[in-house]
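In order, the protein sequences belong to chains A and B.
In short: position in the first sequence from 1, add 27, done, that's this note's numbering.
In short: position in the second sequence from 1, add 2, done, that's this note's numbering.
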Amino acid sequence: DVKVTQSSRYLVKRTGEKVFLECVQDMDHENMFWYRQDPGLGLRLIYFSYDVKMKEKGDIPEGYSVSREKKERFSLILESASTNQTSMYLCASSLYPSGSPYNEQFFGPGTRLTVL
Amino acid sequence: KQEVTQIPAALSVPEGENLVLNCSFTDSAIYNLQWFRQDPGKGLTSLLLIQSSQREQTSGRLNASLDKSSGRSTLYIAASQPGDSATYLCAVYGNQFYFGTGTSLTVIP
Numbered sequence: 028d029v030k031v032t033q034s035s036r037y038l039v040k041r042t043g044e045k046v047f048l049e050c051v052q053d054m055d056h057e058n059m060f061w062y063r064q065d066p067g068l069g070l071r072l073i074y075f076s077y078d079v080k081m082k083e084k085g086d087i088p089e090g091y092s093v094s095r096e097k098k099e100r101f102s103l104i105l106e107s108a109s110t111n112q113t114s115m116y117l118c119a120s121s122l123y124p125s126g127s128p129y130n131e132q133f134f135g136p137g138t139r140l141t142v143l
Numbered sequence: 003k004q005e006v007t008q009i010p011a012a013l014s015v016p017e018g019e020n021l022v023l024n025c026s027f028t029d030s031a032i033y034n035l036q037w038f039r040q041d042p043g044k045g046l047t048s049l050l051l052i053q054s055s056q057r058e059q060t061s062g063r064l065n066a067s068l069d070k071s072s073g074r075s076t077l078y079i080a081a082s083q084p085g086d087s088a089t090y091l092c093a094v095y096g097n098q099f100y101f102g103t104g105t106s107l108t109v110i111p
C-alpha cells in the first residue's frame, strides 16, 4: 500500500513565524502535491512537483514556497505565517507522468495548522 | 477553468438504504475521475478511479459511473451502514486535479 506521511497532525504557530510542513511518500512516486482545504472552498492546489528539484505553482501559491531535494520528500514552507493561512494542509502523491489516465492520487493524514 | 460540483452538500439516510451521490464537471477533457472518502479531521482515502475510457468501476458495495460527454459521475452505495458516514469527494484529472466540495453523508442506525 502507498503510504504518505506528514510530519505533524496539529501545529500551532504565531504570526510571522517561519513554518515547515513535511511530507514523505514511500512508493517512489514521481509527483507530489500540496493542497489546503477550507470549509466551503474545497481543496485548492498550492504547489506541485513532477521531479526532484522541480516545482510548479498551483492556484494559490502566494505566501508559500516548496522544496523537493529528494524524490520521496516534499516540503511546504510558510515564510512568514499569517492568520489567513490557518487551514488543513494535505499532501498527496501520484505515480504516473502528466496526462496518464492511471494517475491516482494518494493522500497523507493532513496537518491542521493554526496561526495565532 | 474546470469546475466540479457535488449536490447535495449533505445527505442523511437510514441504515440499509441504497443511495447515489452526484458529481458534475464542466470540461469533458479529462483523463480520469476519482472518488474519495474523508472522515472528520483526516486525509482523503481513495475509493475508486475511473479512467476516461471506462464507464464504471466497482469495489464491494460501491459502484461509480462516468458519463464524460455529459460531465457527470455518480457513486452508488448499496445497503448503507453507519460506518459509511463521511464526506465523499470527487476529483477530475485534466491538466491538474480539480476537486468538488463534497457531500457529507450521515447513515442513521
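For glycine and all other residues, C-beta sits at the position ideal for the given N, C-alpha and C.
- Between the alpha carbons of Lys98 of chain A and Gly18 of chain B lies a distance of about 45 angstroms.
- Rounded to whole angstroms, the gap between the alpha carbons of Val142 of chain A and Val109 of chain B is 34 angstroms.
- Nearest neighbour of Gly90 of chain A by Cα position, chosen from A:Ser121, A:Tyr123, A:Ser76, A:Val46, turns out to be A:Val46.
- A contact between stretches requires three or more CB pairs, one per stretch, nearer than 8 angstroms, and the segment 126–137 of chain A fails this requirement with the segment 4–23 of chain B.
- Restricting attention to B:Leu13, B:Lys3, B:Gln4, the CA atom closest to the CA of Pro84 of chain B is found in B:Leu13.
- Leaving aside the five residues that flank Arg41 of chain A on each side, the residues in its chain whose CB is nearer than 6 angstroms to its CB run, in chain order, Leu143.
- Comparing alpha-carbon positions, the option among B:Asp29, B:Phe38, B:Gly45, B:Gly73 lying closest to Gly96 of chain B turns out to be B:Asp29.
- For Ser121 of chain A, the enclosing beta strand (DSSP E) begins and ends at 114–121.
- If you look at Ser76 of chain A, you'll find it in the beta strand (DSSP E) that goes 69–76.
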